[in-house]
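The structure appears below as structure tokens.
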Ligand code: NAP
Ligand code: MG
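In the numbering used here, the protein residues as written are 1089 to 1570.
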């Protein structure tokens, strides 16, 4: 199967006619090809999106009333649910994620679309008190054309939270999916066309980040860029956008800590802690990748988690085990390299899971690894691994826990496990993170909850109403009537 771009509700051959292999991470074998988009393809897509908006918000997409827009988004959510199995199969094969994870992703995508559909006719401005003789009001207008650079770890979910919110705000979208995860996104654009989205409301250009992605962030016709990915690429995208005064939302991953106190309910905590690093083979921006445990329960937690980690199995996505393969050869080599370096530095492995015998030797498999007594300044404690690798370290008291937790460049999510309610709240205020969970931990999901980072985890907020505001331009209208 050779896929083209999807622009203006039609499959379009690329400007250069070049293609890229689509690799199945479970086997390392190509099974399809996508178009290798360039700046000309991006320009075509941006034009299609501009036409959907029209010069005076009179294009076929922009002129829809809020209710009509909402109804289309509700229909989109229903169509995603109707096609959830196909979408999940496609995404599992393309990215290697276990089928159950891909099924959840399709369901969460539908939830995003429903949530934002429900927001469309509630997105209103205010009237503001001002000097006598004036009436002042604000209106939230669409920005125009928005660009969406989607990574490969949760393509459907991130499409939902970013494109869903932007469409709800009335914008037309140009999407550049990751080269390793384009198939579900292409199919989603096709589904939107089938259910009646006007041509140009949603456009997808596939290709490499350094080509199509860079061209999208540089295109003058794009009024907002939303990016999820690495800190380094995020800085590049943000800089390119800033040069032409285009706002950007950057969601850049993390090294998120979970803090377990002596009084925590371990029966509740441990399954959640395990899932937060194993889900999607650890390729989750909000993965709980550091585990800080108070000294009184440190050995108990290690013992109990080690049993769990040893039982974890990695295998082909179709086997639907605890973990699928990592997304590509580069990530596989990177994660293996970090694990090997940690072992060479003498950091102790407390437990490791297994790769099943059925797994192809050419697949990108990485077993789950639990490291203990990880030095806080080591690479393993500081860098985002983006694999099923958990770094544990002990602490004595609250002050040390906060210092360790805040002691990386990142600040995306944090978790606190304690039966002491005051302590939970006290820590929530001290932790540097965009989201803090007390006695739970929410990797993914939670479409209603604003999400985003501080420090190197990025800026701007996605999810919830906050995201919707970000995709609008606020205009103040001051009327002097005497
Ligand atoms: P990456 O380079 O940041 O890629 C993320 C997205 O940006 C992909 O869609 C990519 O497209 C695109 N891209 C790459 N270079 C670009 C450029 N110059 N201009 C515009 N877009 C560009 O990440 P990666 O190399 O795939 O993974 C490296 C590390 O990034 C991971 O180990 C992980 O730590 C982090 N990461 C974080 C997240 C997250 O959810 N926060 C997601 C993915 C990766 P192509 O893939 O087609 O090149
Ligand atoms: Mg692939």
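All C-beta atoms, glycine included, are put in the ideal place defined by N, C-alpha and C.
Boundaries of the alpha helix (DSSP H) in which residue i is found, first to last residue
i, result
"residue 1360", "1354 to 1366"
"residue 1155", "1154 to 1170"
"residue 1371", "Here residue 1371 belongs to no alpha helix (DSSP H), and DSSP marks it neither H nor E."
"residue 1470", "1467 to 1470"
"residue 1556", "1552 to 1558"
"residue 1383", "1383 to 1398"
Backbone CA spacing between residue i and residue j [nearest angstrom]
i, j, result
"residue 1192", "residue 1348", "28 Å"
"residue 1110", "residue 1320", "24 Å"
"residue 1362", "residue 1259", "39 Å"
"residue 1281", "residue 1327", "33 Å"
"residue 1369", "residue 1314", "24 Å"
"residue 1230", "residue 1144", "12 Å"
"residue 1534", "residue 1133", "31 Å"
"residue 1214", "residue 1536", "22 Å"
"residue 1127", "residue 1299", "7 Å"
"residue 1241", "residue 1570", "57 Å"
"residue 1448", "residue 1120", "19 Å"
"residue 1177", "residue 1089", "15 Å"
"residue 1360", "residue 1375", "11 Å"
"residue 1211", "residue 1184", "38 Å"
"residue 1323", "residue 1568", "44 Å"
"residue 1492", "residue 1304", "38 Å"
"residue 1188", "residue 1216", "49 Å"
"residue 1277", "residue 1343", "33 Å"
"residue 1254", "residue 1243", "16 Å"
"residue 1147", "residue 1233", "12 Å"
Proximity below 8 Å, CB of residue i to CB of residue j
i, j, result
"residue 1161", "residue 1256", "yes"
"residue 1507", "residue 1353", "yes"
"residue 1479", "residue 1504", "no"
"residue 1194", "residue 1172", "yes"
"residue 1412", "residue 1107", "no"
"residue 1228", "residue 1560", "yes"
"residue 1414", "residue 1371", "yes"
"residue 1538", "residue 1518", "no"
"residue 1452", "residue 1430", "no"
"residue 1094", "residue 1292", "yes"
"residue 1546", "residue 1558", "no"
"residue 1401", "residue 1358", "no"
"residue 1427", "residue 1477", "yes"
"residue 1154", "residue 1209", "yes"
"residue 1455", "residue 1404", "no"
"residue 1385", "residue 1350", "yes"
"residue 1438", "residue 1399", "no"
"residue 1251", "residue 1290", "yes"
"residue 1245", "residue 1168", "no"
Residue interval of the beta strand (DSSP E) (run including residue i)
i, result
"residue 1228", "1222 to 1230"
"residue 1454", "No beta strand (DSSP E) contains residue 1454, which DSSP labels as neither H nor E."
"residue 1416", "Taken as a continuous stretch (DSSP letters only), residue 1416 belongs to no beta strand (DSSP E), as it is neither H nor E."
"residue 1282", "Here residue 1282 belongs to no beta strand (DSSP E); instead the alpha helix (DSSP H) covers 1271 to 1282."
"residue 1309", "Element bounds for residue 1309: n/a, residue is neither H nor E."
"residue 1234", "1233 to 1238"
"residue 1139", "That residue, residue 1139, is in no beta strand (DSSP E); its alpha helix (DSSP H) goes 1127 to 1141."
"residue 1260", "1260 to 1265"
"residue 1348", "1344 to 1348"
"residue 1478", "1477 to 1483"
"residue 1094", "1093 to 1095"
Three-state class that DSSP yields for residue i in the structure shown
i, result
"residue 1569", "coil"
"residue 1426", "helix"
"residue 1252", "helix"
"residue 1188", "helix"
"residue 1114", "coil"
"residue 1121", "strand"
"residue 1520", "coil"
"residue 1492", "helix"
"residue 1334", "coil"
"residue 1210", "helix"
"residue 1503", "strand"
"residue 1543", "helix"
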